[in-house]
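So the sequence shown is residues 3 to 116, counted in this note's numbering. Virtual Cβ for every residue (Gly too), placed ideally from N, Cα, C. No experiment lies behind these values; they were computed from the predicted model shown. For reference, the structure is listed below as structure tokens.
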Amino acid sequence: MTNLTSRIRFYHYISGVLINQQGDYSCSKCKPYANTISAMKTGLVEIKRECADELTPISAELTELLNKADQRINSMEIPENTEGRKTEGICLLPKGTCFVKSSKGLLKNIQGTV
């Protein structure tokens, strides 16, 4: 249940990041941004299925976070014709630094815990 709780909190967090970066002139046109929206939409389907199958129901607070994340992420359109902004020299963040990919990377750390 601890891992599920952390993953639900992650989806709520990443939904805020994605909504925020939707207004960023560079991130919103970048391939990692589009790929992350797609991956989060798929992940939400899986986590919602898992919540429905759980023997222990999740709390009202976690249900609210999950519903808000679902609403945010599924309201987003996946941008088309995106490019690697860093590869194109448009994103000037230092090499190895990406607001979206760094945030998405947190999920690997969370899933690694049991």
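At which residues does the alpha helix (DSSP H) containing residue i begin and terminate?
i	result
R51	K33 to D55
L94	No alpha helix (DSSP H) holds L94; DSSP gives it neither H nor E.
Y13	T4 to Q23
Give me whichever residues DSSP pairs with residue i in a beta bridge.
i	result
E85	C32
Among the options, which one has its Cα closest to the Cα of residue i?
i	options	result
Y27	T84, N111, N37 and G107	T84
Y13	P81, F101, T44 and C29	T44
E82	Y15, T38, R74 and L46	T38
I75	C29, K31, C32 and A36	A36
L46	C32, Q24 and S77	S77
Would residue i be called buried (16 or more neighbouring beta carbons within 10 Å of its own) or exposed?
i	result
K106	buried
Problem - Any 3 or more C-beta pairs closer than 8 Å across the region 49-66 and the region 3-22 - result: yes
Exercise for the section: May I ask you to verify whether the region 48-57 touches the region 95-105, counting CB pairs closer than 8 Å and requiring at least 3? Expected result: no
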